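Input: a single structure, listed below in structure tokens.
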Amino acid sequence: MASADQEGCVVVLTTMPDEVSAGDFAQRLVEQRVIACANIVPRITSIYRWDDRVKRDQEALVIMKTTRARVPVLKDFMDDLHPYEVPEMMVLPDSGAHRAYLGWVAEEVAG
Numbered sequence: 049m050a051s052a053d054q055e056g057c058v059v060v061l062t063t064m065p066d067e068v069s070a071g072d073f074a075q076r077l078v079e080q081r082v083i084a085c086a087n088i089v090p091r092i093t094s095i096y097r098w099d100d101r102v103k104r105d106q107e108a109l110v111i112m113k114t115t116r117a118r119v120p121v122l123k124d125f126m127d128d129l130h131p132y133e134v135p136e137m138m139v140l141p142d143s144g145a146h147r148a149y150l151g152w153v154a155e156e157v158a159g
């Protein structure tokens, strides 16, 4: 198994217009070994300012787990495939996850 300490795991958050697009996006990333897994939280409400108007939309939240080394590849996928003009991409570092889980994440994205 790849070393989680060497890889450095991260959680990456994004939102998508709906559960179907979120699932398609996440599945492609797992198939390409860009992320180890994703959780999809359907029907969240996002409130934000866009084009000088406050908007309120229903979206799906995608929570992705990968390694720090795979973040640039994930960013490229976001730029190419994400349906939003300005996609959310928040990268959160691991701060004490289960060691075996971190090893699994590193192994899954290593190929």
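Converting from the sequence shown to our numbering requires adding 48 to each position, the first position being numbered 1.
Every residue gets a Cβ at the ideal spot worked out from N, C-alpha and C, and that includes glycine.
These numbers were taken from a predicted model, which means no experiment stands behind them.
Cβ of I92 within 7 Å of Cβ of L109? For I92 and L109, yes; Cβs fall inside 7 Å.
Whole-angstrom Cβ separation of A84 and V157, contact assumed at under 8 Å? 6 Å
Considering only C-alpha positions, which residue in the set R116, G56 and A74 is nearest to V89? A74
Measuring straight from C-alpha to C-alpha, what distance separates P135 and M126? Cα to Cα, the separation comes out at about 7 Å.
Option in V60, E79, M64 and V68 with minimal Cα separation from E133: M64
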